[in-house]
Amino acid sequence: MPNLPLSTVLSLSNAQIVIEIAATVAFAMSGLLEAARKRLDAIGVVMVAGLTAFGGGTLRDVLLDRRPFFWVEHSNWLWLLLAVCACAMAFLRAQHFAPTERAMQWPDALGLGLFTATGTQIALDASMPAIVAVVMGMMTAAFGGVLRDIVCNEIPRAFSDHQPYAICAFVGAWVIVVSEALQAPDWLVLTLGAGTTVLLRMLAIRTGWKLPGWRA
Amino acid sequence: MPNLPLSTVLSLSNAQIVIEIAATVAFAMSGLLEAARKRLDAIGVVMVAGLTAFGGGTLRDVLLDRRPFFWVEHSNWLWLLLAVCACAMAFLRAQHFAPTERAMQWPDALGLGLFTATGTQIALDASMPAIVAVVMGMMTAAFGGVLRDIVCNEIPRAFSDHQPYAICAFVGAWVIVVSEALQAPDWLVLTLGAGTTVLLRMLAIRTGWKLPGWRA
Amino acid sequence: MPNLPLSTVLSLSNAQIVIEIAATVAFAMSGLLEAARKRLDAIGVVMVAGLTAFGGGTLRDVLLDRRPFFWVEHSNWLWLLLAVCACAMAFLRAQHFAPTERAMQWPDALGLGLFTATGTQIALDASMPAIVAVVMGMMTAAFGGVLRDIVCNEIPRAFSDHQPYAICAFVGAWVIVVSEALQAPDWLVLTLGAGTTVLLRMLAIRTGWKLPGWRA
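Protein chains in written order, with the numbering used here: chain A, 333 to 548; chain B, 333 to 548; chain C, 333 to 548.
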């Protein structure tokens, strides 16, 4: 089904919807925890959580000139965001922050894989060159976190903590580009690309692998 | 006149133009004062003042894919901005900063109300869902200040100072959405929505009401 | 040839291509060095270098609603960026940072002139008013560096170091606007505008001229 829009094919897949919700919640939670650490107020918590969850895809769509945004077309996501923030502010206390963050690593890794894969495929569908599609895929998955850190007045963790994050997305996005060029069916392209990213990210977490920095 | 574009109806209203100018100057002044405190140079002062005054509406228009921007269609606003900055740099001294800031609270509150109302209405006219229109209204009014603080290397005050600001816009924007759904005439929608926001903001300033943060 | 698109005329000019490459490398290097000083990892180095090199023109194109972006149409620039970053990380050591920065001042000044001129002309071609075209020209040349500093958690140098940078672009952009209004041929418009900016910037570097700040 190579000519069908990706979303049509994917709408068949309930697994994907579950992953998407889990991953979006994980992204929102990472914004939420950062906002809590910085002692932001209720408005700040919601804004930073929303920026982290939806910022990457929105930036990609602005750059590709695509409308409507995901969170405009499916505005229920915004209600979900509000609900997550309200629950977290009601029940989450300082001693839960570290365990929550550890628990979120796994849905976050799934999100990194899924959003990289769909972002890259969307860019390819818009006839972008391979390298541009790869950049768009990375942005989709990693730039929510970058915006979160900029707003919270930190150097983006994805650029500075030497832990492989965007680089896993980079490799997975190339898998998408190559398997798309080989005309693999869409479900296989998606599975290979997302799977590669998720696997690399999980390996990176388990092994503590470090990205090279500057040998000064 | 529900089918007329908002701007046509509003252009009849001289009161609105006066409020708009006063509010834009107030927004620009808040950027200016922040820039002065950070000891930026002349270019930085103008840039931060302009970003604060026009950043929120511009971000909304980028997200809604609307062109031309307000400050492109009416480029005299940019000359006004330059004039305000030149006057301020010539006459405003450190001892005037605090009183200026206090004096600006009131036109700033008017701007919060007016820009929230017009921003929400513009999003509704573009067929956005209610919750998205509310977010767009808040952004229009509050994100100029957010961009000001990001550029000045601070955590955005609107997210962190626990004073009700964006939340007043949030409530006012819902008033717009509801009264629009009830098919109230445009002037009434605008007056109710902007009035609610302004009233709440003024109450918040007078009573020192605090937004909840995280109970850590 | 006033009705020909600028790019058609310019594609004849090999000198311009050489300047463009040298200037883009200089912009990327300034991002690279900042990233190195902040001890970012490999991903951060590439991202900040790319943002510095392409951010200004991309922001202009988003505001003017132009697509495709320069780096999408000519995606080889992204490969060049990767190559520059790889070479720099392999060979550049801390003791080279200061001399590299000094050496980069000159291609950077050429880039300031060239990108201001082309940015202003692109905005004029899109029927922007004069003051808006001037702002767009300045943004094209100076906002890559602004984004670099925001991501690296610094107040933008262009706004705070009191050294004339964007102001040189401001003057050069007005030269473009005026000579365009006088219907000078495109090559002359470009040469006068870019030349003015470059000359002012070089004078500013040589004489140590300081921008006025706030007399507090």
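Every residue, glycine too, gets a C-beta built ideally from N, C-alpha and C. None of these values were measured; they are calculated from a predicted model.
A Cβ of chain C is located within less than 8 Å of the beta carbon of Asp373(B). Within a 10 Å sphere around the beta-carbon of Leu535(A) sit fewer than 16 other beta-carbons, which makes this residue exposed.
Counting the other CB atoms within 10 Å of its CB gives Val350(A) a total below 16, which places it among the exposed residues. Interface with chain B (8 Å Cβ-Cβ cutoff): Ala498(C) is included. Nearest C-alpha to Phe491(B) among Pro400(A), Arg369(A), Thr356(A) and Gln348(A): Arg369(A). Of the other Cβ atoms in all chains shown, 16 or more fall within 10 Å of the Cβ of Arg533(B); this residue is therefore buried. Look at His428(A) here: in three-state DSSP terms it is helix. Within chain B, the residues Phe491 have their CB atoms less than 8 Å from the CB of Val380(A), given in chain order. The segment 402-412 of chain A makes no contact with the segment 442-449 of chain A, as fewer than three CB pairs between them are under 8 Å. Here Cys484(C) is buried: its Cβ has 16 or more other Cβ atoms, across all protein chains shown, within 10 Å. When secondary structure is reduced to three states using DSSP, Arg371(C) falls in the coil class, being assigned neither helix nor strand. Contact of Lys370(C) with chain A is assigned, a C-beta pair being separated by under 8 Å.
Contacts between Leu414(A) and chain C, judged by CB atoms closer than 7 Å, are missing: the closest CB pair is about 28 Å apart. Following the DSSP letters along the chain, one finds Gly469(C) inside the alpha helix (DSSP H) bounded by residues Ala462 to Val483.
A distance below 8 Å between beta-carbons, with the five flanking residues on each side excluded, links Ile487(B) to the following residues of its chain, in chain order: Asp481. A contact is defined here as three or more CB-CB pairs under 8 Å, and the segment 536-547 of chain B meets this definition with respect to the segment 363-382 of chain A.
Just so you know, the alpha carbons of Cys417(A) and Val478(B) end up roughly 20 Å apart.
Contact fails between the segment 416-430 of chain C and the segment 506-513 of chain C, because fewer than three Cβ pairs, one in each stretch, are under 8 Å apart.
Restricting attention to Gly389(A), Leu364(A), Ala367(A) and Ala360(A), the CA atom closest to the CA of Gly469(A) is found in Gly389(A).
Restricting attention to Gly525(A), Val521(A) and Pro439(A), the CA atom closest to the CA of Ala501(A) is found in Gly525(A). Counting only residues of its own chain and dropping the five nearest sequence neighbours on each side, Ala455(C) has a CB closer than 6 Å to the CB of Ala465 and Met468.
Rounded to whole angstroms, the gap between the alpha carbons of Pro517(A) and Pro461(A) is 20 Å. Not a single C-beta of chain A is nearer than 8 Å to the C-beta of Pro400(B).
Ranked by how close their Cα comes to the Cα of Tyr497(A), the residues Thr452(A), Leu442(A) and Asn408(A) have Leu442(A) in first place. DSSP places Ser492(C) in the uninterrupted alpha helix (DSSP H) bounded by Arg489 to Ser492. Collapsing the DSSP output to three states places Glu486(B) in coil.
Contact annotation: Ala420(B) and Leu383(B) have beta-carbon atoms that are not nearer than 8 Å. In the assembly as shown, Leu520(A) is an exposed residue. Its beta-carbon has fewer than 16 other beta-carbons within 10 Å. With a contact defined as Cβ atoms closer than 8 Å, Gly504(A) and Gly387(A) miss out at about 20 Å. Burial check for Ser407(A): the Cβ neighbour count within 10 Å reaches 16 or more, so the residue is buried. The DSSP-derived three-state label of Leu514(A) is coil. Note on geometry: alpha-carbon atoms of Ala473(C) and Leu531(B) lie some 43 Å from one another. Glu366(C) has a beta carbon lying at 8 Å or more from every beta carbon in chain B. Under the Cβ criterion of 8 Å, Gly389(B) is not counted among the residues facing chain A. Interface criterion not met: the Cβ of Met468(B) is under 8 Å from no Cβ in chain C.
Contact annotation: Ala385(C) and Pro439(C) have beta-carbon atoms that are not nearer than 8 Å.
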